[in-house]
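This report concerns only the one structure given below.
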Amino acid sequence: MAGCMMQHLDTALITAFVERWQPDTNTFHMPFGEMSILLHDVHHILRIPVEGELMRDDPHLDVLKLDMHDLVRVPVDGPVGGKWKSKWFLNGGIHAEGLLVRGREMKIRDLEVQTYLFVLLGSTLFVDKSRDRLRPAINVFLKDQRRVAGYAWGAAALAYLYRQLGMATRVGSKSIFGCLTLLQTWIYEYFPLFCPSQILQAPDAPRASSWVCHRFAGGDDARQRLVQYRQMLDEMSGEDVSWTPYG
Numbered sequence: 005m006a007g008c009m010m011q012h013l014d015t016a017l018i019t020a021f022v023e024r025w026q027p028d029t030n031t032f033h034m035p036f037g038e039m040s041i042l043l044h045d046v047h048h049i050l051r052i053p054v055e056g057e058l059m060r061d062d063p064h065l066d067v068l069k070l071d072m073h074d075l076v077r078v079p080v081d082g083p084v085g086g087k088w089k090s091k092w093f094l095n096g097g098i099h100a101e102g103l104l105v106r107g108r109e110m111k112i113r114d115l116e117v118q119t120y121l122f123v124l125l126g127s128t129l130f131v132d133k134s135r136d137r138l139r140p141a142i143n144v145f146l147k148d149q150r151r152v153a154g155y156a157w158g159a160a161a162l163a164y165l166y167r168q169l170g171m172a173t174r175v176g177s178k179s180i181f182g183c184l185t186l187l188q189t190w191i192y193e194y195f196p197l198f199c200p201s202q203i204l205q206a207p208d209a210p211r212a213s214s215w216v217c218h219r220f221a222g223g224d225d226a227r228q229r230l231v232q233y234r235q236m237l238d239e240m241s242g243e244d245v246s247w248t249p250y251g
C-alpha cells in the first residue's frame, strides 16, 4: 500500500475541489450536479478491503494510554491539560519514527509487526495534521492480528477522508488531511482535463500507482494554478467527466 501513495500532491487542485465540498451531503457540488468518492473508487484506487468487519470503537483516553504502554513497553505519563506529554506521546499523538525504532528494539515479532502496521496505516490512510505523529485509536484495531485482514480498511479510510474534507471547508481552515492520494487519484480518474500521463499497470494493481506525478511548484505558481482550476471547474460540463474510468 505504501508503494502506491503519491509522493507529490497538487495542493492547488485539491484546494479547488475542497472548495466545492458540501459536508451536509458528502458530495462535491459541480456545475452539472453532485459527485463523490465511493467505496468502489477506493477499491480500484488503493486495492484495500472495502468490505468486512466495521471499525467501530471510541476508546477512552485512559484505555488508549494503556494500549500504547502495552505496545511500546515504556511508562506513559499522565495527561497534562487533557493531553499526553512524554517522549512518546505529545498532543495526543504517537511519534512515528520512534515507534518503528522501538518495535525493532524489542525484538518481539508480534509487537514489531504491530508497530509497523501502526505506522503504515497512520502515515497513509489516516494522516492528520501532526504528520509525524499517529492517531492512537488506530492501535485498537491492531492488537489482535488475526482480525486485521478482516477489517474494512477502505471504508474506514473513506469515512475519515469525508470527515477531513468537512473540516477543511470550515472558516479559517488552511489545510486538509486524510488519504490525499485517494482524493487526487479520484480527480485524475474522473476528470481527464486535470490528469497527468499514465503508465500501463496490471489489471489488479492500485490505480493510484499508475499516474506519473512530478513535483508541483508552490508559491505564485500554485496560486495561479488554483485560479485556473477554479475557472475550469466553473466552466465544466458533464461531457468533461469520465463516468466509467475503471471500465
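Our numbering applies: residue 5 is where the sequence shown begins, and numbers increase by one.
Beta carbons: idealized from backbone N, C-alpha and C, even for Gly.
Bear in mind the structure is a predicted one, so any value in this text is a computation, not a measurement.
Meets three-Cβ-pair contact criterion under 8 Å: the stretch 121 to 130 and the stretch 139 to 151: Pairwise C-beta distances place the stretch 121 to 130 in contact with the stretch 139 to 151, as three or more of them are shorter than 8 Å.
Proximal residues to residue 158 (C-beta, below 6 Å), its chain only, five neighbours per side dropped: Translated into the one-based positions of the sequence shown, residue 158 becomes position 154. When the five nearest sequence neighbours on each side are left out, the beta carbons in the same chain lying within less than 6 Å of the beta carbon of residue 158 are those of 46, 52, 53 and 54, in order along the chain.
Beta-carbon spacing of residue 106, residue 126 below 8 Å: Indexing the sequence shown from 1 puts residue 106 at position 102. Indexing the sequence shown from 1 puts residue 126 at position 122. In this structure, residue 126 does not lie closer than 8 Å to residue 106 by Cβ.
Rounded separation between residue 137 and residue 69 - CA only: Reading the sequence shown from its first residue, position 133 is the one you call residue 137. Reading the sequence shown from its first residue, position 65 is the one you call residue 69. Answer to the nearest angstrom: the Cα atoms are 15 Å apart.
Beta-carbon contacts of residue 234 that lie in its chain and below 8 Å, excluding the five residues immediately before and after: If you number the sequence shown from 1, residue 234 lands on position 230. 20 and 23, listed in sequence order.
Cβ contact (3+ pairs, closer than 8 Å) linking the stretch 187 to 203 and the stretch 211 to 229: Of all C-beta pairs linking the stretch 187 to 203 to the stretch 211 to 229, three or more are shorter than 8 Å, placing the two stretches in contact.
Opening and closing residue of the beta strand (DSSP E) in which residue 99 lies: Within the sequence shown, residue 99 is the residue found at index 95, counting from 1. 97 to 99 is the extent of the beta strand (DSSP E) around residue 99.
Nearest residue (CA-CA) to residue 34, options 42, 206, 240 and 205: As a first step, residue 34 is located in the sequence shown; it is residue number 30 there, counting from the start. Nearest Cα to residue 34 within the set 42, 206, 240 and 205: 240.
Counted within 10 angstroms of its Cβ, other Cβ atoms place residue 229 as buried (16 or more) or exposed: For this step, residue 229 is matched to residue 225 along the sequence shown. It counts as buried.
Where the alpha helix (DSSP H) through residue 240 begins and ends: Along the sequence shown, read from residue 1 onward, the residue named residue 240 stands at position 236. Where residue 240 is concerned, there is no enclosing alpha helix (DSSP H), given that its DSSP letter is neither H nor E.
Option in 76, 218, 109 and 50 with minimal Cα separation from residue 160: On the sequence shown, position 156 is the one that residue 160 refers to. Just measuring C-alpha positions, the residue of 76, 218, 109 and 50 sitting nearest residue 160 is 50.
Contained alpha helix (DSSP H) runs [length at least 4] in the stretch 177 to 246, N- to C-terminal order: Counting whole runs of 4 or more residues, the stretch 177 to 246 contains the alpha helix (DSSP H) stretches 184 to 194 and 223 to 238.
Opening and closing residue of the alpha helix (DSSP H) in which residue 37 lies: In the sequence shown, counting from the first residue as 1, residue 37 sits at position 33. Run containing residue 37: none in the alpha helix (DSSP H); it sits in the beta strand (DSSP E), 37 to 39.
Opposing strand residues paired with residue 47 [DSSP bridges]: Along the sequence shown, one-based indexing puts residue 47 at 43. DSSP lists no bridge partner for residue 47.
Contact check, residue 248 vs residue 215, beta carbons under 8 Å: Taking the sequence shown and counting its residues from 1, the one referred to as residue 248 is at position 244. Taking the sequence shown and counting its residues from 1, the one referred to as residue 215 is at position 211. No, these two residues do not count as a Cβ contact at 8 Å.
Nearest-angstrom Cα separation, counted from residue 36 out to residue 102: Here residue 102 is taken as the residue at index 98 of the sequence shown, counted from 1. Here residue 36 is taken as the residue at index 32 of the sequence shown, counted from 1. Looking at the two C-alpha atoms, the distance is approximately 48 Å.
Where residue 11 falls: helix, strand or coil (DSSP): The count along the sequence shown starts at 1 and reaches residue 11 at position 7. Residue state, collapsed to three classes: coil.
Status (buried if at least 16 other CB within 10 Å, exposed otherwise) for residue 61: Reading the sequence shown from its first residue, position 57 is the one you call residue 61. When all chains shown are included, residue 61 counts as exposed.
Helix, strand or coil at residue 164 according to DSSP, with G and I counted as helix: Residue numbering aside, residue 164 sits at position 160 when the sequence shown is read from its first letter. Looking at residue 164 - three-state DSSP - the assignment turns out to be helix.
DSSP state of residue 250 mapped onto helix, strand, coil: Position 246 of the sequence shown, counting from 1, holds the residue named residue 250. If DSSP states are grouped into helix, strand and coil, residue 250 belongs with coil.
Proximity of residue 184 and residue 13 at Cβ, strictly below 8 Å: As a position in the sequence shown, residue 184 is number 180, starting the count at 1. As a position in the sequence shown, residue 13 is number 9, starting the count at 1. Between residue 184 and residue 13, the gap from beta carbon to beta carbon is short of 8 Å.
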